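Novice: Starting off with a structure, shown below.
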Amino acid sequence: MKRNSNNSTIKPTGLQRDGVSLIELIVVVLILGIMSAVATPQYFNAMEQYRVEAAAKRVRNDLELAQRNAKSTSVSRTVTFTIGSDSYALSGIDDPNHPNTAYSVDLTNTGYSAALVSADFSANVTVTFDRYGKPDSGGTVIIQSGSYQKTIAVDAATGRVTIP
């Protein structure tokens, strides 16, 4: 903009625009649509990967909880996996959020949206930690969300629970 001698502004001559045209608006919307179409599949893949990792960590932590509880109370604790309902339960341990209620986890309803593919502890779906924290058998649990899978392993000799 130009200023005249008394320092007031002078509007420029020519075409003045106070907004955007319909064509410009359509172009911006198309660009946003294309960007969304490219980013959405990657977002959902990332969410599936995050869910399966979080669910695997939850299972690992709960197996370790059963093991620690067995050691601290000198009472055997059993973790029972139910493949059909994508859930598992810890015997003798109360749910920390609901006292006097058995501790059980449903992997489909806890925000993980994960499936329990298999649990194999010497052909059983249960693992029992004795009063020393040693499992009755080693084995694996496989969790899946979308196309991603994670395996949780329990070592028979040491009782160590890992996500390889």
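Mapping of the sequence shown onto numbering that gives the first Met the number 0: position 76 corresponds to residue 75, and the numbering continues sequentially without gaps. Think of the CB as a built atom: it goes at the ideal place given N, C-alpha and C, for glycine as much as any other residue. Since we're looking at a predicted model, the values are computed, not measured.
Return the CA-CA distance between residue 53 and residue 21, expressed in angstroms with no decimal places.
Specialist: By one-based count along the sequence shown, residue 53 stands at place 54. By one-based count along the sequence shown, residue 21 stands at place 22. If you take the alpha carbons of residue 53 and residue 21, they lie about 46 Å apart.
Novice: For residue 73, count the other beta carbons within 10 Å of its own beta carbon; 16 or more makes it buried, fewer makes it exposed. Which is it?
Specialist: Position 74 of the sequence shown holds residue 73. So residue 73 counts as exposed.
Novice: Looking at chain C, is there any beta carbon in it that lies within less than 8 Å of the beta carbon of residue 145?
Specialist: Any reference to chain C falls outside this structure, which holds one protein chain only.
Novice: Let's test the definition: count the other Cβ atoms within 10 Å of the Cβ of residue 66 and tell me whether it reaches 16, buried, or not, exposed.
Specialist: As a position in the sequence shown, residue 66 is number 67, starting the count at 1. Classification for residue 66: buried.
Novice: Among 155, 142 and 157, which one has its Cα closest to the Cα of residue 51?
Specialist: To locate residue 51, count along the sequence shown from 1; it is residue 52. For residue 51, the nearest C-alpha among the options comes from 142.
Novice: So, residue 124 versus residue 79, is the Cβ gap smaller than 8 Å?
Specialist: As a first step, residue 124 must be located in the sequence shown, where it is residue number 125. As a first step, residue 79 must be located in the sequence shown, where it is residue number 80. Against a cut-off of 8 Å, the Cβ pair of residue 79 and residue 124 comes out as a contact.
Novice: For a quick check, are the C-beta atoms of residue 85 and residue 114 less than 8 Å apart?
Specialist: By one-based count along the sequence shown, residue 85 stands at place 86. By one-based count along the sequence shown, residue 114 stands at place 115. It is a contact, given that the beta carbons lie within the stated cut-off.
Novice: With 16 as the cutoff for other CB atoms within 10 Å, does residue 101 come out buried or exposed?
Specialist: As a position in the sequence shown, residue 101 is number 102, starting the count at 1. The residue is exposed, with fewer than 16 neighbouring Cβ atoms inside 10 Å.
Novice: Could you tell me how far apart the beta carbons of residue 121 and residue 138 are, in whole angstroms, since I believe they sit closer than 8 Å?
Specialist: To locate residue 121, count along the sequence shown from 1; it is residue 122. To locate residue 138, count along the sequence shown from 1; it is residue 139. Going by Cβ atoms, the distance from residue 121 to residue 138 rounds to 6 Å, so yes, they are a contact pair.
Novice: Going by DSSP in three states, residue 32 sits in which element: helix, strand or coil?
Specialist: Within the sequence shown, numbered from 1, the residue matching residue 32 stands at position 33. It is helical.
Novice: Please go through the same chain and pick out, in chain order, the residues whose beta-carbon is closer than 8 Å to the beta-carbon of residue 93, but skip the five residues on each side of it.
Specialist: For the purposes of this step, residue 93 is taken as residue 94 along the sequence shown, with counting starting at 1. Cβ neighbours of residue 93 beyond the five flanking positions: 99, 100, 101 and 102.
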